[in-house]
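For reference, the structure discussed in these notes is given below.
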Amino acid sequence: MQTIIGGGQAAGNGAGLVKDTDTKNFAKDVIEESKRQPVIVDFWATWCGPCKTLGPLLERLVKAAKGAVKLVKLDVDKNQALAAQFRIQSIPAVFAFRDGRPVDGFVGALPESQLKQFIDALVKGGKGAAQGPSQLDQVLAMAKEALNKGDAGTAASLYARILDQEPDNVPAQLGLARAAIALGETEQAKQMLDALPPEAKKGPDYDAAKAALDLAARAAEAGAKAGDLGAFEDKLAKDPNDHQARYDLALALYAGGHAEGAIQHLLEIVKRKRDWNEDAARKELLKLFEALGPTNELTVKGRRGLSAILFS
Numbered sequence: 526m527q528t529i530i531g532g533g534q535a536a537g538n539g540a541g542l543v544k545d546t547d548t549k550n551f552a553k554d555v556i557e558e559s560k561r562q563p564v565i566v567d568f569w570a571t572w573c574g575p576c577k578t579l580g581p582l583l584e585r586l587v588k589a590a591k592g593a594v595k596l597v598k599l600d601v602d603k604n605q606a607l608a609a610q611f612r613i614q615s616i617p618a619v620f621a622f623r624d625g626r627p628v629d630g631f632v633g634a635l636p637e638s639q640l641k642q643f644i645d646a647l648v649k650g651g652k653g654a655a656q657g658p659s660q661l662d663q664v665l666a667m668a669k670e671a672l673n674k675g676d677a678g679t680a681a682s683l684y685a686r687i688l689d690q691e692p693d694n695v696p697a698q699l700g701l702a703r704a705a706i707a708l709g710e711t712e713q714a715k716q717m718l719d720a721l722p723p724e725a726k727k728g729p730d731y732d733a734a735k736a737a738l739d740l741a742a743r744a745a746e747a748g749a750k751a752g753d754l755g756a757f758e759d760k761l762a763k764d765p766n767d768h769q770a771r772y773d774l775a776l777a778l779y780a781g782g783h784a785e786g787a788i789q790h791l792l793e794i795v796k797r798k799r800d801w802n803e804d805a806a807r808k809e810l811l812k813l814f815e816a817l818g819p820t821n822e823l824t825v826k827g828r829r830g831l832s833a834i835l836f837s
């Protein structure tokens with residue numbers, strides 16, 4: 526992000542304290558440089574009005590800090606992949622890095638007094654006040670989004686990163702357990718859930734994790750593994766009304782990480798024979814929705830599909 530200051534006069538004049546970067550040089554300019562001193566990254570674009578106000582203020586305050594912190598500016602239009610990696614959805618967005626990791630940040634143009642507080646806190650090793658969601662909250666949101674989109678690997682990595690900093694972070698513990706279940710590591714997930722303190726074993730996130738674990742366990746007990754898909758599909762090809770085969774296929778798909786396909790087959794059973802096996806398909810759908818979570822796009826879409834069938 527920034528070049529290394531050579532001497533006191535350069536720092537005093539602000540030389541080398543502010544620079545532009547890009548995707549290619551981000552690791553050197555930001556990650557590596559922040560291991561030597563704090564680095565602030567300003568995500569901006571030429572069309573952004575508030576950026577034109579925030580940018581000069583940041584530059585002036587960084588130069589006034591006389592080398593205690595550096596500022597790197599990144600044009601999101603020219604570096605869209607990197608901006609997407611940081612989940613930049615609104616600009617200006619500012620991230621503070623220390624020791625190779627983001628430690629604080631805010632979105633929007635802040636008044637000069639709050640910017641100074643932000644920089645002073647970064648220099649002193651703390652966090653600024655009144656800057657909106659913390660970096661930890663942003664990583665939690667990123668992990669939850671990845672999990673909801675079915676990217677359990679990314680979600681697990683993000684949750685693990687949070688737990689490296691805060692081992693007792695309950696949302697991250699529950700999220701990592703759900704990611705482990707989605708990756709087929711059910712025994713590890715069970716151990717994580719069992720190890721939670723009593724006060725953490727409640728609420729929608731815990732219920733969703735338990736539901737996912739229960740669903741995965743029953744899928745395994747039924748022998749519904751990814752290798753069984755062909756056998757179930759062959760049965761359905763011979764008889765589309767073989768509801769047991771379709772039900773087992775749905776469990777197999779869920780066990781293999783294909784929740785969307787599982788939902789579609791369970792909906793098909795409800796559509797073809799609503800009361801089959803004492804309403805088993807509808808009950809399974811509800812458990813699957815709980816396991817995925819109420820805001821998951823598959824849950825929302827699946828509930829709409831179920832309602833359309835039940836009330837048609």
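Whatever position you read off the sequence shown (first residue = 1), add 525 for the working numbering.
Glycine included, each C-beta is placed from N, C-alpha and C at the ideal position.
Nearest in C-alpha terms to residue 703, of all of 661, 722, 562 and 679, is 679.
Contact between the region 817-829 and the region 669-689 is present: 3 or more CB-CB pairs across the two stretches fall below 8 Å. Ranked by Cα distance from residue 687, the first of 675, 707, 662 and 710 is 662. Residue environment for residue 627: buried (at least 16 other C-beta atoms within 10 angstroms of its C-beta).
Taking C-alpha positions only, residue 677 is separated from residue 571 by approximately 36 Å. A check of alpha carbon separations from residue 796 across 828, 560, 745 and 834 identifies 834 as the nearest. With respect to residue 701, residue 730 sits apart: the two C-beta atoms are not nearer than 9 Å.
Counting C-beta pairs closer than 8 Å gives fewer than three between the region 730-744 and the region 760-767, which falls short of the contact rule. In the assembly as shown, residue 547 is an exposed residue. Its beta-carbon has fewer than 16 other beta-carbons within 10 Å. In the three-state scheme derived from DSSP, where H, G and I count as helix and E and B as strand, residue 609 is classed as helix. Within the region 648-731, the alpha helix (DSSP H) runs of at least 4 residues that lie entirely inside it are, in chain order, 660-673, 677-690, 695-707 and 711-719.
Residue 814: not part of any beta strand (DSSP E); member of the alpha helix (DSSP H) spanning 805-817, first to last residue. Membership of residue 555 in any alpha helix (DSSP H) is not indicated, and neither H nor E is assigned to it by DSSP.
Shown here for residue 593: same chain residues with a beta carbon closer than 6 Å to its own, the five before and five after excluded, namely 648 in chain order. For residue 590, no beta strand (DSSP E) run applies, since DSSP gives it neither H nor E.
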